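Peer 1:
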Amino acid sequence: MGQEVIFVREEYDIENLNPRKNPYSNQITINIDNTTIEYFKDQSESSGIPYQTLINLYLSNCAANGRKLKLSWE
37 MGQEVIFVRE EYDIENLNPR KNPYSNQITI NIDNTTIEYF KDQSESSGIP YQTLINLYLS
97 NCAANGRKLK LSWE
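Counting in our numbering, the sequence shown runs from 37 upward without gaps.
(1) Could you compute how far the alpha carbon of Ser61 sits from the alpha carbon of Val44?
(2) Would you tell me roughly how many angstroms separate the C-alpha atoms of Trp109 and Lys57, rounded to the nearest one?
(3) How big is the Cα-Cα spacing for Lys104 and Tyr94?
(4) Just list the alpha helix (DSSP H) runs in the segment 56-106, keeping only unbroken ones of 4 residues or longer that don't cross its boundaries, in chain order.
(5) Excluding the 5 residues flanking Pro86 on each side, which residues of the same chain have their C-beta closer than 8 Å to its C-beta?
Now the structure itself:
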């Protein structure tokens with residue numbers, strides 16, 4: 037059997053290895069309680085849209101329409 041020769045560079049230009057923009061580069065981690073997640077999962081089942089997408093659509097709609105939070109602490 038012949039030996040396989042593998043050449044390894046000391047350094048790679050990552051930008052040029054895969055010039056496509058990472059679609060996940062703007063993702064964040066967010067804490068959402070189980071009740072809210074279940075609400076959107078139920079909506080997902082009836083709409084056929086993934087629940088993560090529904091949450092994003094809802095939040096995007098709030099931002100686009102300039103909705104303001106009304107919080108009251110007692």
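No residue lacks a Cβ here, since even glycine has one placed at the ideal position from N, Cα and C.
Values in this document were obtained by computation on a predicted structure and should not be read as measured data.
Peer 2: In brief:
(1) Locating residue 61 in the sequence shown gives position 25, where the first residue counts as 1. Locating residue 44 in the sequence shown gives position 8, where the first residue counts as 1. Looking at the backbone, the Cα of Ser61 and that of Val44 are separated by about 28 Å.
(2) For the purposes of this step, residue 109 is taken as residue 73 along the sequence shown, with counting starting at 1. For the purposes of this step, residue 57 is taken as residue 21 along the sequence shown, with counting starting at 1. Distance between Trp109 and Lys57, taken at the CA atoms: about 43 Å.
(3) Locating residue 104 in the sequence shown gives position 68, where the first residue counts as 1. Locating residue 94 in the sequence shown gives position 58, where the first residue counts as 1. Going by the C-alpha atoms only, they are around 14 Å apart.
(4) Here the runs fully enclosed are 70-83 and 87-100.
(5) For the purposes of this step, residue 86 is taken as residue 50 along the sequence shown, with counting starting at 1. Excluding its 5 nearest sequence neighbours in each direction, Pro86 has C-beta neighbours in its own chain below 8 Å: Ser80, listed in chain order.
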